[in-house]
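Below is one structure, written out as structure tokens; the observations come after it.
Number of protein chains: 2
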Amino acid sequence: MKLDHASPKDLSAQIAAAIRDEIVSGKLIVDARLPSESELAEHFAVSRPTVREALKRLAAQSLIRTQRGATGGAFINRLSFAEAYGQQITTSTLLLSMNAVSFDVACEARYALERACAPLSAARRAQDHLDRMRAEIARQSRPGLSDEDFCASDVALHRALVDGAGNPVLSYHLAGAVEAMQPLMNMITFTARSRGAIIGLHTRIVDAIQTQDASAADAALSELADYTLTLGRDVMAAHAKGGAG
Amino acid sequence: MKLDHASPKDLSAQIAAAIRDEIVSGKLIVDARLPSESELAEHFAVSRPTVREALKRLAAQSLIRTQRGATGGAFINRLSFAEAYGQQITTSTLLLSMNAVSFDVACEARYALERACAPLSAARRAQDHLDRMRAEIARQSRPGLSDEDFCASDVALHRALVDGAGNPVLSYHLAGAVEAMQPLMNMITFTARSRGAIIGLHTRIVDAIQTQDASAADAALSELADYTLTLGRDVMAAHAKGGAG
DNA sequence: TGCAATTAAATTGTCAGACAATTACCTTCC
DNA sequence: GGAAGGTAATTGTCTGACAATTTAATTGCA
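Top line first, the protein sequences correspond to chains D and G.
The first sequence begins at 1 in the numbering used here and counts up one residue at a time.
The second sequence begins at 1 in the numbering used here and counts up one residue at a time.
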């Protein structure tokens, strides 16, 4: 809990790191109240605005929440699955878009992870997730659906597939992998033919899960992975050609 | 780019959200420079400290970096894989510890995801990753190794296995799943017998990857998952008994 | 006594202004 | 022409103050 006033790093970053370490290590437990900003300022021998900047850093990561008033203050926040999902999706999306990750690599990662979920989804076969997937397939079959909506429905179906595994930790890890693909998928123009092929594979996947046939689900997912990869490669090739010409 | 001064949310949170949206949507591209703090303050009609709190929120998520001096300012940061790994591990660890995720659930998620990597690792079989895994196995066999070091070596071996898939996106997603298990694994007391069993399975996994036998690797991983689950359940049962008695 | 309204206190949120530290650029002098 | 120094721009930090919000205590009244 000591700072280096001569360090090249910001004081607020050092303070945030010190408090974060105490949270991660478990010294500060959930719902515990941090000292007031004035007390923290005195403790670290800095001004209140500097402390505030540090607290905002922690708030940005959902590590603390603040409350005004007499009994207010900063409290250690219980990181909910919903918040973690959101952070995961944001980070994954930015990671892919900013580092020019190729369609191939992102696609391979996504389907490898999804195939890990399929056996669990098949074994547990929750009715509501099956219903969600059927509903998305119905939506994908609607004529006049835009490519963007088709992609959104595709993502929703795959999210249902993942959630069907009944393991929230798995859902958390997969959330980013599935959602971050959407911007890449949105670059694809889906013909009636390709939509039909995808819907057919989606149906095979859901059928297999319903009958708890894990290997059939895996086979269909594998085909879907290959097919998606083909579509993506065509688009990327066309883009490269258009960009060069 | 407008704020609601009557909103219950902090102004700094609103400003951060506005800028974050522009980054995620791609309107602000990598290495672009934001207006200076004074200009932002004028634009949003708030004071500079408020703008600074907003910028610190973004800095906490590695979305921007700041630089002092005449040509300094806040720049859109390219989210590196290394930074994303770190965030992923922190979030995953906190998610597990704060939500009292059971050993079973965390373990299931971890091994399901790892088994998704094994076929790719076997197919690509990078020498340096094989070497890393062999080195960790050697370390695990050393007498006098503490349980904590044994766990750390276990994590390192599995990280090498995951990295061996040669897909950085996959490594990113798996980083949290593998690392976040360490605190849970640290609760286990490893007997000489159990260490031997684990080392044996590790050896089988590495051998299988070296010979590019994906199914053998999967089988060994599956056994390791079952064995780890058994160890964990014993510990949890003992803890529950001790806690109740 | 019991209850409601008011007041006080504590805490975060925001603002204004100032100075320090750092860095790039320009000017001046040799 | 090159090097030294000065200047401007920008972030980092500090001080002090006031506003908004919430809880707790206090007071007044029936």
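Glycine residues also receive a C-beta, built at the ideal position from the N, C-alpha and C atoms.
Computed from a predicted structure; not experimentally measured.
Short of 7 Å from the beta carbon of L231(G), and not among the five residues preceding or following it, lie these beta carbons of its own chain, in chain order: I188, S194.
Burial of E53(D) is indicated by the presence of at least 16 other C-beta atoms within 10 angstroms of its C-beta. Contact between the region 154–166 of chain G and the region 120–135 of chain G is present, with at least three C-beta pairs closer than 8 Å. Burial state of R68(D) is exposed, judged by a 10 Å Cβ sphere holding fewer than 16 other Cβ atoms. Taking the beta carbon of C117(G) as reference, the chain D residues within 8 Å of it are A112, listed in sequence order. A contact is defined here as three or more CB-CB pairs under 8 Å, and the region 195–215 of chain D meets this definition with respect to the region 145–165 of chain D. According to DSSP, residue pairing for Q67(G) in a beta bridge involves G73(G).
When secondary structure is reduced to three states using DSSP, R132(G) falls in the helix class. Within the region 146–163 of chain G, no residue places its CB atom closer than 7 Å to a CB of chain D. Excluding its 5 nearest sequence neighbours in each direction, R159(D) has C-beta neighbours in its own chain below 7 Å: V178, listed in chain order.
For L55(G), the CB contacts under 6 Å within the same chain, skipping 5 residues up- and downstream, are A74 in chain order. Bridge pairing for R159(G): absent [DSSP]. For Q212(D) and H202(D), the gap between their C-alpha atoms comes out near 15 Å. DSSP places R193(D) within a helical segment (H, G or I) once states are collapsed to three.
Shown here, R142(G) sits in coil according to DSSP, grouped into three states, outside any helix or strand. Between the region 106–115 of chain G and the region 217–231 of chain G, the count of C-beta pairs closer than 8 Å reaches three or more; the two stretches touch. Of the candidates P143(G), S36(G), L145(G), S36(G) places its Cα closest to the Cα of R48(G).
Chain-order list of chain G residues neighbouring A106(D): V169, by C-beta distance under 8 Å. In this structure, the CA atom of R134(D) is about 11 Å from the CA atom of Q210(D).
Under the Cβ criterion of 8 Å, P49(G) is counted among the residues facing chain D. Short of 7 Å from the beta carbon of M236(D), and not among the five residues preceding or following it, lie these beta carbons of its own chain, in chain order: F103. Counting the other CB atoms within 10 Å of its CB gives H5(G) a total below 16, which places it among the exposed residues.
Assignment of R33(D) by DSSP, reduced to helix, strand and coil, places it in the strand class.
The C-alpha of A123(D) lies about 29 Å from the C-alpha of V105(D).
Taking C-beta separations shorter than 7 Å and ignoring five residues to either side along the sequence, the partners of A84(G) in its chain run Y172, following chain order.
Counting of Cβ neighbours within 10 angstroms places G176(G) among the buried residues, the total reaching 16 or more. Judged by their CB atoms, A16(G) and L58(G) are nearer to each other than the 8 Å cut-off. Annotation: Cβ neighbours of V101(D) in chain G (cutoff 9 Å, chain order): P168, V169. Inter-residue distance for A192(G) and A240(G) is about 24 Å (C-alpha atoms, whole angstroms). Under the Cβ distance rule, R124(D) does not count among the residues neighbouring chain G, no pair being separated by less than 8 Å.
Between A109(G) and L170(D) the beta-carbon gap is near 4 Å, inside 8 Å, which marks them as a contact. The beta-carbon of K56(D) is placed less than 8 Å from the nearest beta-carbon of chain G. Taking 9 Å as the cut-off between beta carbons, the residues of the region 86–99 of chain G near chain D are Q87, Q88, T90, T91, S92, T93, L94, L95, L96, S97, M98, N99, in sequence order.
Counting only residues of its own chain and dropping the five nearest sequence neighbours on each side, E22(G) has a CB closer than 6 Å to the CB of L28.
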